[in-house]
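In order, the protein sequence lines correspond to chains A and B. By the count of our numbering, the first sequence reaches residue 114 at its end, each step adding exactly one. By the count of our numbering, the second sequence reaches residue 114 at its end, each step adding exactly one. Beta carbons are placed, not taken as given, at the ideal position from N, Cα and C, and that holds for glycine. To keep things clear, I will list the structure first and then write my remarks on it.
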Amino acid sequence: DGGITQSPKYLFRKEGQNVTLSCEQNLNHDAMYWYRQDPGQGLRLIYYSQIVNDFQKGDIAEGYSVSREKKESFPLTVTSAQKNPTAFYLCASSRLATRTGELFFGEGSRLTVL
Amino acid sequence: QKEVEQNSGPLSVPEGAIASLNCTYSDRGSQSFFWYRQYSGKSPELIMFIYSNGDKEDGRFTAQLNKASQYVSLLIRDSQPSDSATYLCAVNMYGGTSYGKLTFGQGTILTVHP
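Quick look at the structure:
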């Protein structure tokens, strides 16, 4: 089945540690995105990528880093510079040449800083 | 700051009633508007999109767009308990091919009670 796989689903981190969230898609989509969701809030864009080896900052990129070495993969690293990393992280993908705005989401990764 | 605001919830309606969800946006140049449904602990899923002023109907759902008033709404007719979820309004404020770069509202929690 086609879809987006995020791992791990739950992750605990000590302060000062970097962690990497995995995102893999087999939908053959060009564009991939990372969104963050805090309780009672909407989604905020962290980074996005429309093509391999290229990515752009979203609205809240500080303290995060990404790479896009393969079309299928878009991992997100939450660095120790991120002041408040506890959140629900959602990876998404979409076709570029579509106006429907349909984002296909993974199941999310819930990060808790201890 | 480009913003999307949704009416504060939670919204509670009886089964069979019409649920009305509202959203305003700040960028007058926005072109594409979306409603996503998110069940608790799950990822969002697209239920409606609209580009043109007026109404767009899909089954029990109707999206309404008024660009002059910078207002978009979602009506759910014959509400069912399975409609209980958080509804996220999302707007593409970037245009071009950045279709997945959406600005989300904070969400409205809808509860449909039997």
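query, result
"Just verifying my parser: in three-state terms, what is the DSSP assignment at D55(B)?", "strand"
"Any beta carbon from chain B within less than 8 Å of L43(A)'s own beta carbon?", "yes"
"Could you tell me whether the Cβ atoms of L103(A) and A92(A) are closer together than 8 Å?", "yes"
"In this structure, does DSSP put D78(B) in helix, strand or coil?", "coil"
"Less than 8 Å separating the beta-carbons of R60(B) and I50(B)?", "no"
"Helix or strand or just coil, what does DSSP make of D83(B)?", "helix"
"Whole-angstrom Cβ separation of L74(B) and Q38(B), contact assumed at under 8 Å?", "That pair is no contact at about 13 Å."
"How is the beta strand (DSSP E) around Q31(B) delimited, first residue to last?", "Where Q31(B) is concerned, there is no enclosing beta strand (DSSP E), given that its DSSP letter is neither H nor E."
"At a Cβ threshold of 8 Å, is P44(B) touching chain A?", "yes"
"Starting from G105(B), find everything on chain A with Cβ-Cβ shorter than 8 Å and list it in chain order.", "G42"
"According to DSSP, which residues form a beta bridge with E45(B)?", "R37(B)"
"In the structure shown, what three-state DSSP assignment does Q106(B) receive?", "coil"
"Can you grab the Cα-Cα spacing for the pair Q50(A) / N66(B), in whole Å?", "30 Å"
"Say whether chain A places a C-beta atom closer than 8 Å to the C-beta of K101(B).", "yes"
"For L88(B), decide whether its Cβ has a neighbour in chain A, counting only Cβ atoms nearer than 8 Å.", "yes"
"Can you tell me where the beta strand (DSSP E) holding L111(A) begins and where it ends?", "109–113"
"Looking at T86(A): is its Cβ nearer than 8 Å to the Cβ of G63(A)?", "no"
"In the structure shown, what three-state DSSP assignment does F74(A) receive?", "coil"
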